[in-house]
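Position in the sequence shown counted from 1, then plus 74, gives you this note's numbering.
What follows is a single structure, written as structure tokens, with notes after it.
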Amino acid sequence: MAKPNKKGPRRTVQISCLQCKAPIFKYRKGGKGALVKCFTERIVEDYTNTACICPGCGQQFARETMIRGAPALKIVGGKVHMK
Numbered sequence: 075m076a077k078p079n080k081k082g083p084r085r086t087v088q089i090s091c092l093q094c095k096a097p098i099f100k101y102r103k104g105g106k107g108a109l110v111k112c113f114t115e116r117i118v119e120d121y122t123n124t125a126c127i128c129p130g131c132g133q134q135f136a137r138e139t140m141i142r143g144a145p146a147l148k149i150v151g152g153k154v155h156m157k
């Protein structure tokens with residue numbers, strides 16, 4: 075499979091923790107579906123101190139993985155809110 079487009083879509087969404095409402099990052103998302111994965115090269119602003127850990131409550135919201143040869147974060151269901 076092909077790698078994701080580095081430039082990516084123009085639309086940015088704010089990702090925040092569902093439990094404590096702390097902002098996690100701004101992400102350039104394509105499509106209309108739910109947030110399942112986040113390619114790290116599309117993250118515009120990162121508010122986390124440690125990767126995949128919420129800065130507010132300390133809960134793990136994702137796992138680091140490789141998808142189509144590119145580093146990505148696989149989102150755990152029901153842990154984040156997209157606005």
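Cβ coordinates follow ideal geometry from the N, Cα and C atoms, glycine included.
Bear in mind that the values here come from a model prediction, so they are computed numbers and not experimental data.
Leaving out five residues on either side along the sequence, give the residues of the same chain with a beta carbon under 8 Å from the beta carbon of residue i.
| i | result |
| --- | --- |
| R142 | M75, A76, K77 and P78 |
| A144 | K77, P78, F113, T114 and E115 |
| R85 | R102, K103 and G104 |
Mind checking who residue i pairs with in its DSSP beta bridge?
| i | result |
| --- | --- |
| T139 | A146 |
| V110 | None, per the DSSP bridge assignment. |
Does DSSP put residue i in a helix, a strand or coil?
| i | result |
| --- | --- |
| R116 | helix |
Please confirm whether residue i and residue j have their CB atoms less than 8 Å apart.
| i | j | result |
| --- | --- | --- |
| E119 | F99 | yes |
| K153 | Q133 | yes |
Quick one: residues in its chain with C-beta nearer than 7 Å to the C-beta of residue i, no 5 flanking neighbours on either side, listed in chain order?
| i | result |
| --- | --- |
| G82 | R102, G104 and R116 |
| K148 | K111, A136, R137 and T139 |
For residue i, which residues in the same chain have their Cβ closer than 6 Å to its Cβ, ignoring the five residues on either side in sequence?
| i | result |
| --- | --- |
| L109 | I149 and M156 |
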